[in-house]
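Step one of this worksheet: look at the structure below.
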Amino acid sequence: MPTTGNYFHLHLVSDSTGETLITVARAVAAQYANVTPVEHVYPLVRSQKQLDRVLDEIEEAPGIVLFTLLEKDLVGRLEAKCKEMNIPSLSIIGPVMQLFQAYLGAATTGRVGAQHTLNAEYFKRIDALNYTMMHDDGQHVEGLEEADVVLVGVSRTSKTPTSIYLANRGIRTANVPLVPSIPIPHQLETLKKPLVVSLHATPERLIQVRQNRLLSMGDRDNDNYIDRQAVADEVAFARRLSAKFNWAQLDVTRRSIEESAAAVMKLFTDRQRQRLSE
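Per the numbering used here, numbering of the sequence shown is gapless, rising by one per residue and ending at 354.
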């Protein structure tokens, strides 16, 4: 039986961190609303002994097996075991590598975890993360000009998680809250280098998120924070500032953090391309 009740077992076997597998598997699993995967993640599987444990667990809880292994002996043994148990298995990177090889006419290096090499791109991401953490929630506004992107917005427009996501892509990101009763930092008014993006959401969405926030904190007395008119005034204030300073605007009402970050990255890339052409 492929599923038990409304769940199924999903085995993710990797010779590296497993990030690629998890991302692909969750993207596909999200399309099946009526069943939930029980994830079994096995990172850093690089020896026969390590694979033994994986095979034992697959045998105890049969299900779909996805893998990113480069060692041919490990791949062959895993596929043989899955075939013997009559369960599906698939290499996530195998078909893509074959396509590259056919097009480029060159063999792969077979280097495990090659995407995690400590190269310039890696250190760029670390630098971006350090910058972003230091310039979160309006901290150290004197360094805003050093940012690639500055996110502004009222409370609960996902400024911080979006900033961290962008930093993980190597984009130095600062974020500054917009509060009607507090003047914005003067540095924000004169920025030349960074792209400033104002994040917006509908009052209804903000109230919903803020209510959940207050409940999680056990705070039931902050009525103004979720007052319909007060929140609407905040949204209007943020939009007026955006128009005044010609900031890019992004509605995040129905966007996930990943979608918001992708939209910001597109704005950033378009701006970079435009500046190069000038």
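Beta carbons are placed, not taken as given, at the ideal position from N, Cα and C, and that holds for glycine.
Residue i in three-state terms, based on DSSP
i	result
D224	coil
P171	helix
E437	Past the boundaries of the shown model lies residue 437; the chain is included only from 77 to 354, so the question cannot be answered.
Y179	helix
Y83	strand
D299	helix
I258	coil
N110	coil
According to DSSP, residues forming a beta bridge with residue i
i	result
H276	D327
L142	L88 and L166
L271	V225
Own chain partners of residue i with C-beta closer than 6 Å, once the 5 adjacent residues on each side are dropped
i	result
D327	H276
A156	none
First and last residue of the uninterrupted alpha helix (DSSP H) at residue i
i	result
T238	K235 to A243
A250	Looking at the DSSP string, A250 is not in any alpha helix (DSSP H); the run it does join, the beta strand (DSSP E), is T249 to P253.
R304	R304 to F321
V230	Unbroken run through V230: none, as it is neither H nor E.
S353	I333 to S353
D132	Q124 to E136
Y198	A196 to M210
E218	Segment: none, E218 is in no alpha helix (DSSP H) and carries neither H nor E.
V151	K148 to M161
V104	E95 to A105
L120	From DSSP, L120 is part of no alpha helix (DSSP H); its letter is neither H nor E.
Spatial neighbours of residue i in its chain, beta-carbon cut-off 8 Å, leaving aside the 5 residues before and after
i	result
A182	none
Y83	V111, T112, P113 and V114
L154	V89, L127, V130, L131, V141, F143, L145 and S165
R331	A339
V226	L220, T249, A250, N251, V252, L264, L267, P270, L271, V272 and V273
Of the residues the options, the one placed nearest residue i, counting alpha carbons only
i	options	result
M173	L146, Q350, L254 and T208	L146
F344	R245, S123, E197 and S234	R245
Q263	E136, A223 and I283	A223
I260	A196, G214 and D91	G214
D149	K125, P138 and G139	K125
P270	S123, A103, C158 and W323	W323
R201	T233, T236 and L242	L242
Close-in-space but distant-in-sequence residues of the same chain around residue i (CB under 7 Å, 5 per side omitted)
i	result
E265	F321
E133	H116
E310	V230 and P256
A308	P279
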